[in-house]
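Asker: Structure incoming, see below.
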Amino acid sequence: MCEEPWVWQREWVVPSRSGAGSPVLEELLAQLEQKNWGQHDLFGIHLATEEALVNAIRHGNGLDEQKHVRVACSLAPDLVRIEVADEGQGFDPGAIPDPTDPENLDAPTGRGIMLMRSFMTRVDYNATGNRVVMEKQRHSPSSVEQAGLS
């Protein structure tokens, strides 16, 4: 695997309490905007990163403020990589029921992971299930978007 030419990298250690990931999202989105990433990409990256942070804080660490979430972001001209790791026991992402299956429509779980996979180019968990790596390739705007007609 060839190493990406990162133009920005940042790491955070976030306490396990609601809203603690907001500064991470703000700085990441500001960097993406500064590098002229499109609104479509910004929306997806924001949603996926917020889901990963909430899952790590709430489900992984159980809102235990003695535990932390580690976040690492790397930005190349056409790729963003976000790693989120919690101190929980982990889970099996393959065991999460499909939230679009009619029998699971009322179930409160699985939608966040589905959204992460929908908006990011790659979503991989470690074997323990307490660390996710997400990547997003920059979206090339269509001629309609470039003309401001979307």
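Numbering (this note's numbering), first residue to last: 1302 to 1451.
Heads up, the beta-carbon is just placed ideally off N, CA and C, and yes, glycines get one too.
(1) To the nearest angstrom, how far is it from the Cα of Ser1444 to the Cα of Gln1367?
(2) So for Ala1396, helix, strand or coil by DSSP?
(3) Please report the residue range of the alpha helix (DSSP H) in which Val1355 lies.
(4) Exposed or buried, which one is Val1314 when buried takes at least 16 other CB atoms within 10 Å?
(5) Check this for me: beta carbons of Val1381 and Glu1436, under 9 Å apart or not?
(6) What whole-angstrom Cβ distance do Leu1343 and Glu1334 have, given they're in contact under 8 Å?
(7) In angstroms with no decimal places, state the Cα-to-Cα distance between Asp1387 and Thr1350.
(8) Quick one: what's got a C-beta closer than 7 Å to His1440's C-beta in the same chain, skipping five residues either side?
(9) Quick one: measure Cβ to Cβ for Arg1311 and Glu1327, integer angstroms, because I've assumed they're closer than 8 Å.
(10) So, with DSSP's three-state summary, where would you put Arg1318?
(11) Is Val1325 near Val1372, with beta carbons less than 9 Å apart?
(12) Assuming the contact rule is C-beta atoms closer than 8 Å, Gly1363 and Gly1389 should be a hit. Round their C-beta distance to whole Å, please.
(13) Look up Leu1380 in the DSSP assignment and say whether it is helix, strand or coil.
Answerer: Straight from the coordinates:
(1) At Ser1444, the pLDDT of 41 sits below 50, so the modelled position is not reliable; the number obtained from the coordinates is stated separately. If I take the Cα positions, the gap works out to 50 Å.
(2) helix
(3) Counting along the chain, the alpha helix (DSSP H) containing Val1355 begins and ends at Gln1340 to Val1355.
(4) exposed
(5) yes
(6) 7 Å
(7) Cα to Cα, the separation comes out at about 14 Å.
(8) Cβ within range, chain order: Gly1339, His1341 and Asp1342.
(9) Actually they are not in contact, since the Cβ atoms of Arg1311 and Glu1327 sit about 12 Å apart, beyond 8 Å.
(10) Reduced to three states, the DSSP call for Arg1318 is coil.
(11) Val1325 places its beta carbon less than 9 Å from that of Val1372.
(12) 7 Å
(13) strand
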